[in-house]
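Residue numbers (the numbering used here), protein chains in the order written: chain Y, 5 to 388; chain F, 6 to 126.
All residues carry an ideal CB built from backbone N, CA and C; glycine is no exception.
Worksheet for the structure shown next.
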Amino acid sequence: MTNSPSLLRERAVYVVGIGLHPYGFPSETPYVQLGLHAVREALADAGLQWPQVRSAVVGTAALGMAAGRVMLRHLGSTGLEVMQVENASASGSTAFRIACLQVASGEHDVVLAMGVDKFGDGRRAVLKDGLVPLSPTSNVPLVKFALLARRCMREYGLTLEDMARVAVKNHGNASRNPFAQFRKPRTLEQVLASAPVAGDLTAMQCCPRGEGAAAVIVVSEEALKRLGLPRERAVRVLASSASSEMLPPDDAPALVNLVRKSSAAALTQAGIGAKDLDIVELHDAFTIEELLYTEAVGVCETGEGAAYVARGDADIGGRCAINPSGGLIGMGHPLGPTGIGQVAEITRQLRGEAEGRQHPNARLALAHMIGLGSVAVAHVLARA
Amino acid sequence: MSNTLELACCTVCGGTSFPAQVPGCRHCGAPPAQLRTQACATPVHLLNFVTVHAPLAPGLKVPAVIGEVALAPGLVEEARIDVADESALTLGMALTPVWQPGAEDTAGNWVFRPLNAGVAA
Chain Y
5 MTNSPSLLRE RAVYVVGIGL HPYGFPSETP YVQLGLHAVR EALADAGLQW PQVRSAVVGT
65 AALGMAAGRV MLRHLGSTGL EVMQVENASA SGSTAFRIAC LQVASGEHDV VLAMGVDKFG
125 DGRRAVLKDG LVPLSPTSNV PLVKFALLAR RCMREYGLTL EDMARVAVKN HGNASRNPFA
185 QFRKPRTLEQ VLASAPVAGD LTAMQCCPRG EGAAAVIVVS EEALKRLGLP RERAVRVLAS
245 SASSEMLPPD DAPALVNLVR KSSAAALTQA GIGAKDLDIV ELHDAFTIEE LLYTEAVGVC
305 ETGEGAAYVA RGDADIGGRC AINPSGGLIG MGHPLGPTGI GQVAEITRQL RGEAEGRQHP
365 NARLALAHMI GLGSVAVAHV LARA
Chain F
6 MSNTLELACC TVCGGTSFPA QVPGCRHCGA PPAQLRTQAC ATPVHLLNFV TVHAPLAPGL
66 KVPAVIGEVA LAPGLVEEAR IDVADESALT LGMALTPVWQ PGAEDTAGNW VFRPLNAGVA
126 A
């Protein structure tokens, strides 16, 4: 699928309903219950009934074949289109992108995008490619980012405290988010003293494993009017972009280049600059990522990411709130739901309904996700 | 598994890929018929390293030192560094690949040791 610079500009797409099942540690709760909870909450938030939804795009990385249909039949067999999407950590973001493009293309005018997952059942294709890596860690993202963090410390003077401050901020934000997996604020000392995992990254600087569900409903301008939905609670999707990594021409990490390219494509499509953003939800699976991606998106200059966090510019109430939900580190990263959860958080913020963690005067936001360190999906959303 | 560390060299673009059995050049996508196997030039050089403390991958005994090594120009791979701890390492140091045969029911693997270091028991 190529980027579609004109579709979302030509035909407006709005988020009108959001729903979440709180993220949590692995449990015995069936995924169907997690997912239905989120979908029903999104329907209620939008003021819509299930038969009004004409298509459902389900993002999941670990559940297996036809997870969406198995779950959604409990809402009633209405004959809607059902599609399942797997794109690693970006599964939910990709489901949202497809839902937006379905509406923008005119294929459907009321579409559900949702993500649901439970930890433990995932099978990684990279382990079945028939190639033996040099190290058993070659496909372990945590090790890749621990190495990148060490390199940044050596080459750019990044400190342990610089990285730990990201975790302090995101655990703090998550403590104010009732849908977050972690609900306790953490101090710099606690983050630094938590168990070492790899290199300089400690446990509290890493996203947890878990489960959860998130759902959003997107509609066309025509549907917004026809269904009498309140425009003041609608959030417009200005841009959607997706891409995969290229081997960088220089020594820069390929993933940072990917974030730079994919976010720039979305911002260009939206007709805004990075400095216009009030909120960014991004892929902070590990603290080093938030620092590098904040720079790559362009919210701050290259090399300024740590200072941006230290000054409080990335806080709720700062210049641009980075991961006000708590991010992957604090809110959690159940895979399929994560990208949808970003959109739900942004929608809540742009509506002014993020009670207890509201970023003031939020008008423009970016949701950015990475999948398996090699694909990127970005969306720009705006208060309607 | 050969006891020589091998790479795939592309006859179209000149790029190198790892492992030698790749089904296409990672740089230009040339098919296997246009890749030729060549031995990795040794020693290789250590670019970066960390200690892994948690058992993050099957078969990885921790703590383990994992490094990034340059197998060829433009080809950097993660590798096990066979040292007791990071104090034995310096950036840029020369490393030599050593094939470690597996036990009865486990596969062997490559480790990298500082050049002239004694063979671990």
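Is the CB-CB distance between residue i and residue j below 8 Å?
| i | j | result |
| --- | --- | --- |
| alanine 71/Y | tyrosine 35/Y | yes |
| alanine 168/Y | leucine 192/Y | yes |
| glycine 28/Y | proline 341/Y | no |
| asparagine 177/Y | arginine 355/Y | no |
| threonine 47/F | threonine 101/F | yes |
| valine 217/Y | histidine 337/Y | Sequence check: residue 217/Y is alanine here, not valine. No. Outside cutoff. |
| phenylalanine 183/Y | methionine 335/Y | yes |
| isoleucine 283/Y | alanine 325/Y | yes |
| valine 239/Y | leucine 385/Y | yes |
| proline 119/F | methionine 98/F | yes |
| arginine 367/Y | arginine 352/Y | no |
| proline 328/Y | alanine 358/Y | yes |
| histidine 105/Y | serine 244/Y | Checking the sequence shown, residue 105/Y turns out to be leucine, not histidine. Result yes, Cβ atoms of leucine 105/Y and serine 244/Y sit closer than 8 Å. |
| glutamine 23/F | leucine 138/Y | The sequence given here places phenylalanine at residue 23/F; glutamine does not occur at that position. Result yes, Cβ atoms of phenylalanine 23/F and leucine 138/Y sit closer than 8 Å. |
| glycine 214/Y | proline 30/Y | yes |
| threonine 9/F | alanine 62/F | no |
| alanine 269/Y | methionine 208/Y | no |
| glycine 302/Y | alanine 278/Y | yes |
| cysteine 33/F | cysteine 14/F | no |
From the DSSP output, which residues share a beta bridge with residue i?
| i | result |
| --- | --- |
| serine 22/F | Ala13/F |
| phenylalanine 117/F | Ile86/F, Pro102/F |
| isoleucine 71/F | Val55/F, Arg85/F |
| methionine 167/Y | Beta-bridge pairing links methionine 167/Y to no other residue. |
| glutamine 4/F | Look at the range of chain F in this structure, 6 to 126, and you will see that residue 4/F is not part of it. |
| cysteine 210/Y | Phe290/Y |
| arginine 180/Y | Answer is none; arginine 180/Y lacks a bridge partner. |
| aspartate 121/Y | Gly216/Y |
| glutamate 111/Y | DSSP lists no partner for glutamate 111/Y. |
| arginine 387/Y | Val239/Y |
| serine 245/Y | Ala382/Y |
With 16 as the cutoff for other CB atoms within 10 Å, does residue i come out buried or exposed?
| i | result |
| --- | --- |
| leucine 370/Y | buried |
| valine 124/F | For valine 124/F, the pLDDT reaches just 48, beneath the cut-off of 50, and the residue's location in the model is therefore unreliable, although a value from the coordinates is still provided. Its Cβ having fewer than 16 others within 10 Å, valine 124/F is exposed. |
| arginine 158/Y | exposed |
| glycine 377/Y | buried |
| valine 379/Y | buried |
| glutamate 294/Y | buried |
| glycine 113/F | exposed |
| aspartate 110/F | exposed |
| glycine 309/Y | buried |
| asparagine 181/Y | buried |
| aspartate 87/F | buried |
| histidine 78/Y | exposed |
| glutamine 105/F | exposed |
| histidine 50/F | exposed |
| alanine 153/Y | buried |
| asparagine 53/F | buried |
| methionine 5/Y | Low per-residue confidence applies at methionine 5/Y: pLDDT is 42, beneath 50, and the placement is therefore not dependable, though the value from the model is reported in the following sentence. The residue is exposed, with fewer than 16 neighbouring Cβ atoms inside 10 Å. |
| alanine 126/F | In this prediction, alanine 126/F has a pLDDT of 35, which is less than 50 and means its spatial position is unreliable; what the coordinates show is noted afterwards. The residue in question, alanine 126/F, is exposed, as its Cβ has fewer than 16 Cβ neighbours within 10 Å. |
| serine 97/Y | buried |
| threonine 95/F | exposed |
| threonine 291/Y | buried |
Assuming residue i contacts residue j (C-beta within less than 8 Å), just tell me the rounded distance between them.
| i | j | result |
| --- | --- | --- |
| glutamate 83/F | serine 142/Y | 5 Å |
| isoleucine 333/Y | cysteine 210/Y | 7 Å |
| alanine 318/Y | lysine 173/Y | 6 Å |
| valine 115/Y | leucine 52/Y | Actually they do not touch by this definition, with Cβ atoms about 11 Å apart. |
| valine 263/Y | histidine 372/Y | 7 Å |
| alanine 65/Y | glycine 126/Y | 6 Å |
| alanine 60/Y | leucine 38/Y | Not a contact, Cβ separation roughly 15 Å. |
| alanine 50/Y | glycine 21/Y | 3 Å |
| valine 17/Y | valine 222/Y | 5 Å |
| valine 67/F | alanine 59/F | 6 Å |
| leucine 146/Y | alanine 202/Y | 5 Å |
| leucine 389/Y | aspartate 121/Y | Here chain Y covers residues 5 to 388 and nothing more, so residue 389/Y does not appear. |
| alanine 94/Y | leucine 12/Y | Their Cβ separation, rounded to whole angstroms, is 18 Å, which puts alanine 94/Y and leucine 12/Y out of contact at 8 Å. |
Exercise. According to a CB-to-CB cut-off of less than 7 Å, which residues of the segment 57-72 of chain F neighbour chain Y?
Worked result: Listed by position, the residues of the segment 57-72 of chain F near chain Y (Cβ gap below 7 Å) are Val57, His58, Ala59, Leu61, Ala62, Pro63, Gly64, Leu65, Ile71.
For this session: Note down, in chain order, all residues in the segment 81-108 of chain F with a beta-carbon under 7 Å from any beta-carbon belonging to chain Y.
Result: Across the segment 81-108 of chain F, CB contacts with chain Y closer than 7 Å involve Glu82, Glu83, Ala84, Arg85, in sequence order along the chain.
For this session: Closer than 9 Å, Cβ to Cβ, to anything on chain Y: give me those residues from the segment 36-56 of chain F, in chain order.
Result: Under the 9 Å Cβ criterion, the segment 36-56 of chain F contributes Leu52, Asn53, Phe54, Val55, Thr56.
For this session: Please name the residues in the segment 149-177 of chain Y whose beta-carbon is closer than 9 Å to at least one beta-carbon of chain F, in chain order.
Result: Look at the segment 149-177 of chain Y: the residues with a C-beta under 9 Å from a C-beta of chain F are Ala150, Leu151, Leu152, Ala153, Arg154, Arg155, Arg158.
Problem set entry | Near-chain Y residues of the segment 21-36 of chain F - C-beta to any C-beta below 9 Å | Against chain Y - using a Cβ distance shorter than 9 Å - the residues of the segment 21-36 of chain F are Phe23, Pro24, Gln26, Val27, Pro28, Arg31, His32.
Problem set entry | Residues from the segment 175-202 of chain Y in contact with chain F, defined by Cβ distance under 9 Å | Result list: Ala199, Pro200, Val201, Ala202.
For this session: Output, in sequence order along the chain, the residues in the segment 109-137 of chain Y whose CB is closer than 7 Å to any CB in chain F.
Result: The segment 109-137 of chain Y vs chain F, Cβ under 7 Å: Leu135, Val136.
For this session: May I ask you to list, following chain order, the residues of the segment 228-262 of chain Y that have a beta carbon less than 7 Å from some beta carbon of chain F?
Result: The residues in question are Leu251.
Exercise. Going along the chain, which residues of the segment 266-291 of chain Y sit with their C-beta nearer than 7 Å to a C-beta in chain F?
Worked result: Closer than 7 Å at the C-beta level to chain F, one finds no residue of the segment 266-291 of chain Y.
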